[in-house]
């Protein structure tokens, strides 16, 4: 179920963490969000239902870091009024837990033999709930994946993006990526 961003959304309330098996239902929904967004840009995709990712493998592989962006509800501390009468116990409303609003992964890939680096981190499954796009969530995901890649002594990040996906291209350029190679195809 999609969420509406609060008008007082604060990027400081977003935490990036490694995905867990309990996140599976949301990750499967995110995957379908990626597929739905990409379907108009890719006439070669099979009809639904399709899946891009082996999420169980991604969560257990030592060569893949699958992360989620989690919106943590801010602690609302309001001063308590001074009671003139004995206080009547009020039921405590359940506090909502963190809400997953994005995902991404980094995978160690072999590089072409003629490049300076023998391996690189390939980024994928970059998804942010529509209500939270353009607010810096993707930048946090990329930063976390970059930190993971650096911890593995990798010196190169790569990703693929459809050439018509101008919003994604702008977001990746803002994160420091540069356009490198255009992959072309022809159906025969």
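Residue numbers (this note's numbering): -18 to 169. Glycine included, C-beta positions come from ideal geometry on N, C-alpha and C. Remember, it's a predicted structure, so these values are computed and weren't measured experimentally.
Requested in this report: Return helix, strand or coil for residue 51, following the three-state DSSP convention.
Outcome: Taking the chain shown and counting its residues from 1, one reaches residue 51 at position 70. Strand.
Query raised in the report: Which residues bound the beta strand (DSSP E) around residue 109?
Result: Residue numbering aside, residue 109 sits at position 128 when the chain shown is read from its first letter. That run of the beta strand (DSSP E) goes 100 to 109.
Query raised in the report: In its own chain, which residues sit with a C-beta less than 8 Å from the C-beta of residue 126, not counting the 5 before and 5 after it?
Result: Locating residue 126 in the chain shown gives position 145, counting from the first residue. These residues qualify, in order along the chain: 46, 48, 85, 86, 87, 102, 104, 138.
Report task. Would you kindly work out how many angstroms separate the C-alpha atoms of residue 161 and residue 3, rounded to a whole number? Result -> The residue given as residue 161 occupies position 180 in the chain shown. The residue given as residue 3 occupies position 22 in the chain shown. Rounded to whole angstroms, residue 161 to residue 3 spans 37 Å at the Cα level.
Report task. Express the C-alpha separation of residue 96 and residue 136 in angstroms, rounding to a whole number. Result -> Working through the chain shown from its first residue, we reach residue 136 at position 155. Working through the chain shown from its first residue, we reach residue 96 at position 115. Their Cα atoms are separated by approximately 12 Å.
**Report entry** Ordered list of alpha helix (DSSP H) runs contained in the stretch 108 to 167, each at least 4 residues
**Finding:** 118 to 132, 147 to 155
**Report entry** Residue of 14, -9, 36 minimising C-alpha distance to residue 110
**Finding:** Numbered from 1 along the chain shown, position 129 holds the residue referred to as residue 110. The option with the nearest alpha carbon to residue 110 is 14.
Requested in this report: May I ask you to report which of helix, strand or coil DSSP gives residue 88?
Outcome: What you label residue 88 is simply residue 107 of the chain shown in a count that begins at 1. Of the three classes helix, strand and coil, the one that applies to residue 88 here is strand, per DSSP.
Query - Nearest-angstrom Cβ-Cβ length linking residue 52 and residue 31, presumed shorter than 8 Å - result: Residue numbering aside, residue 52 sits at position 71 when the chain shown is read from its first letter. Residue numbering aside, residue 31 sits at position 50 when the chain shown is read from its first letter. Actually they do not touch by this definition, with Cβ atoms about 28 Å apart.
Query raised in the report: In this structure, does DSSP put residue 26 in helix, strand or coil?
Result: Position 45 of the chain shown holds residue 26. Reduced to three states, the DSSP call for residue 26 is coil.
Query raised in the report: What are the boundary residues of the alpha helix (DSSP H) that residue 16 is part of?
Result: Here residue 16 is taken as the residue at index 35 of the chain shown, counted from 1. Looking at the DSSP string, the run of the alpha helix (DSSP H) that includes residue 16 is 5 to 19.
**Report entry** Simplified DSSP assignment, three categories, for residue -8
**Finding:** On the chain shown, residue -8 is found 11 positions in, with the first residue counted as 1. Looking at residue -8 - three-state DSSP - the assignment turns out to be helix.
Query raised in the report: Is the beta carbon of residue 122 less than 8 Å from the beta carbon of residue 107?
Result: Here residue 122 refers to the residue found at position 141 when the chain shown is read from its first residue. Here residue 107 refers to the residue found at position 126 when the chain shown is read from its first residue. Yes; because the gap between Cβ atoms is below 8 Å, this pair is in contact.
**Report entry** Backbone CA spacing between residue 6 and residue 36 [nearest angstrom]
**Finding:** Position 25 of the chain shown, counting from 1, holds the residue named residue 6. Position 55 of the chain shown, counting from 1, holds the residue named residue 36. Spanning the two alpha carbons is a distance of roughly 11 Å.
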